[in-house]
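Per this note's numbering, the sequence shown runs over residues 90 to 423.
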Amino acid sequence: MIRFGIIGTNWITERFLDAANQIDDFRLTAVYSRREETAHDFANKYGVAKTFTDLEAFAKNTDIDAVYIASPNSFHKEQAILCMKQGKHVLVEKAIASNVREVKVMFEVAKQNNVLLMEAVKSTHLNGFKAIQKHLPKIGKARRYFASYCQYSSRYDAYKEGTVLNAFKPEFSNGALMDIGIYCIYPMVALFGKPSEIKATSYMLESGVDGQGNIVFDYSDVGMNGVVMYSKITDSYLPSEIQGENGSILIDKISEPSNVEIKYRDGSTEKVEVNQANENTMYDEVAHFIELIKDGKLESAVNSFENSLITIGIIEEARKQIGLSYSADKIDER
């Protein structure tokens, strides 16, 4: 039995718990929130006795084996490190941290304390993505990766009315690239590795974060390029696509592929079997994380340290190009 504590009491945590509670080896034992009332209300909803408003006391609690962190991105590094130094395994919501410097420190602390640290990107654990990996050789030499994920944020209406919520605040390391764009970038990195060059453009909001953007990727060593487009201020209904010399793989939704097909150059079409067993798309990543703990593994081969570092490196370079800076970037940790 793996005893979990949670940091963050929002809708994504509830989604996580819906998935985790379907796993026999999962038990929720503690809830942390900055506000006592919020912690108690959330804990009561899930029948949990222990609540904390002191993060250090939470991290030191001996009834916790692992921690799921779903707080704003700017808090991920500090919270994860505090927990890992107390011997806790940590699953951190994407984006794992604000920048490359923070991620490197987090991975180093994980190694020093012999604990598992994993970025919670669900896409790469889904049967749809595994099917894409399996069938990728069928399209021959890959020449282009195109991914689109544009989803109008429910918080954007409040923004337009003059209320800037956390999702649009740079001090919390937020914005379209960190929240939405990562879903386009991470699968590309998992499939093709690190690009040689990127070029980013965006539409910046007055609050200081990006509302939407585009990035072009050059994989000059393998003769391939990539294009991603993402937004929190518009919707898009375009599928994503991987183009090869023999055909193309069409993907209905890059963040959670459920409809995948191959269109060959001869005009034929092959429907790819996905068979996603659990309707909660967070289930597979949670089950994977728990299995790693049980097996004594300290790194995921799927959401690996390398994939997370490459991805946050791409995001950081894109942010430099579009002029998006976070409070976390200004901290000197020498």
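All C-beta atoms, glycine included, are put in the ideal place defined by N, C-alpha and C.
In the three-state reduction of the DSSP assignment, N367 falls in the coil class.
Assignment of beta strand (DSSP E) within the region 298 to 359, counting only whole runs of 3 or more residues, yields 299 to 308, 313 to 320, 329 to 333, 336 to 340, 349 to 353 in chain order. By the C-beta criterion, the region 145 to 161 is judged to be in contact with the region 174 to 191, since at least 3 inter-stretch pairs fall below 8 Å.
When DSSP states are grouped into helix, strand and coil, L266 belongs to the helix group. If you look at V120, you'll find it in the beta strand (DSSP E) that goes 115 to 121. Taking the CA atoms as reference points, A148 sits about 21 Å from S187. Closest in C-alpha terms to S212, from the list A119, E191, E345, D418, comes E345. Counting the other Cβ atoms within 10 Å of the Cβ of E405 gives 16 or more, which makes it buried.
In the DSSP assignment, T252 is bridged to no other residue. Straight across, the Cα-Cα distance linking Q410 with F115 is about 42 Å. For G94, the enclosing beta strand (DSSP E) covers residues 91 to 96. A straight line joining the alpha-carbon of L387 with that of Q332 spans about 35 Å. Sorting I382, N99, T358, E145 by C-alpha distance to the C-alpha of N203 places I382 at the top.
Non-local beta-carbon contacts of D107 in its own chain, meaning distances under 6 Å to residues more than five positions away in sequence, involve N369 in chain order. Contact annotation: the region 355 to 367 does not touch the region 252 to 259, with fewer than three C-beta pairs closer than 8 Å.
Taken through DSSP and simplified to helix, strand or coil, V156 comes out as strand. Looking only at V349, D355, S320, the smallest Cα-Cα distance to E334 is reached by D355.
P226 is classed as exposed because its beta carbon has fewer than 16 other beta carbons within 10 Å across all chains shown. A138 counts as exposed, since fewer than 16 other C-beta atoms from the protein chains shown sit within 10 angstroms of its C-beta. Closest in C-alpha terms to I403, from the list G282, S242, Y245, comes G282. About 5 Å separates the CB atoms of F196 and F394; that is less than 8 Å, so the two are in contact. Taking C-alpha positions only, M207 is separated from A390 by approximately 10 Å. Taking E359 as the centre and dropping the five residues before and after it, the same chain places the C-beta of I351 closer than 6 Å to its C-beta, in chain order. Buried is the label assigned to V192, since at least 16 other Cβ atoms lie within 10 Å of its Cβ. When DSSP reads this structure, R104 sits in no beta bridge, so it has no partner. Collapsing the DSSP output to three states places Y272 in a helix.
If you check the CB distance, A279 and A407 do not come in under 8 Å. Within the same chain, and ignoring the five residues on either side of L144 in sequence, the residues whose Cβ sits closer than 7 Å to its Cβ are Y121, Q168, L171. When the five nearest sequence neighbours on each side are left out, the beta carbons in the same chain lying within less than 6 Å of the beta carbon of V210 are those of K183, Y275, N392, in order along the chain. Beyond the five residues adjoining it in sequence on each side, N396 comes within less than 6 Å, by CB distance, of V278, A279 in the same chain, given in chain order.
DSSP places R408 in the uninterrupted alpha helix (DSSP H) bounded by 394 to 411. Under the DSSP definition of a beta bridge, S237 partners with M318. In terms of CA proximity to V317, I271 leads the group F218, G385, I271, A199. Y415 and S242 do not touch by the CB rule: their CB atoms are close to 18 Å apart, not below 8 Å. In the three-state reduction of the DSSP assignment, R244 falls in the coil class.
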